[in-house]
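In our numbering, the protein residues as written are 662 to 820. In what follows, a single structure is set out as structure tokens and then discussed.
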């Protein structure tokens, strides 16, 4: 590909150089105007010549291949980003539960959050909490998880 570009640029530069020399040596008048027209025509034909030889089927295949590669690359980045965001949401959810439990006066021995990645955005969908707490503390934390994290009581497992 680079050889083709180099050849194209050399041909354009060569025609421009030859045209400049011819026009510099041509006498003023009708001959100069005719040579100016012919040199301009030669430049246009040289510049647009590769378009006439262009194989549109090969070009269409190359464009389609580039689009597929771009989509694959973007999809790979999207999948990686979704997994990263899901990990962050999981950690933040667990940290929130630890902090909220501390605010309520107890410390869980274990907190595990699950994140659903099936939708457009990952979200916390289920938690498992192991704690020695009163019924009121449990109810308060359960209510808080429903209200602030949208994790229903059915998706909260307590031990």
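We treat Cβ as the ideally placed atom computed from N, Cα and C, and that holds for glycine.
Of the candidates 708, 783, 733 and 755, 708 places its Cα closest to the Cα of residue 673. Under DSSP, residue 819 forms a beta bridge with 790.
Rounded to the nearest whole angstrom, the C-alpha separation of residue 784 and residue 728 is 31 angstroms. Contact between residue 766 and residue 798 holds, since their C-beta atoms are separated by about 6 angstroms, short of 8 angstroms.
Scanning 773, 689, 791 and 699 for the CA closest to the CA of residue 676 turns up 699.
Residue 810 is positioned such that its CB atom lies closer than 8 angstroms to that of residue 754. In the three-state DSSP reduction, residue 754 falls in the helix class (H, G or I).
Under DSSP, residue 773 forms a beta bridge with 789. Contact between residue 772 and residue 759 is confirmed by a C-beta separation of about 6 angstroms, below the 8 angstroms threshold. Around the C-beta of residue 724, fewer than 16 other C-beta atoms lie within 10 Å, and the residue is accordingly described as exposed. Classified as exposed, residue 770 has fewer than 16 neighbouring CB atoms from the shown chains inside 10 Å of its CB.
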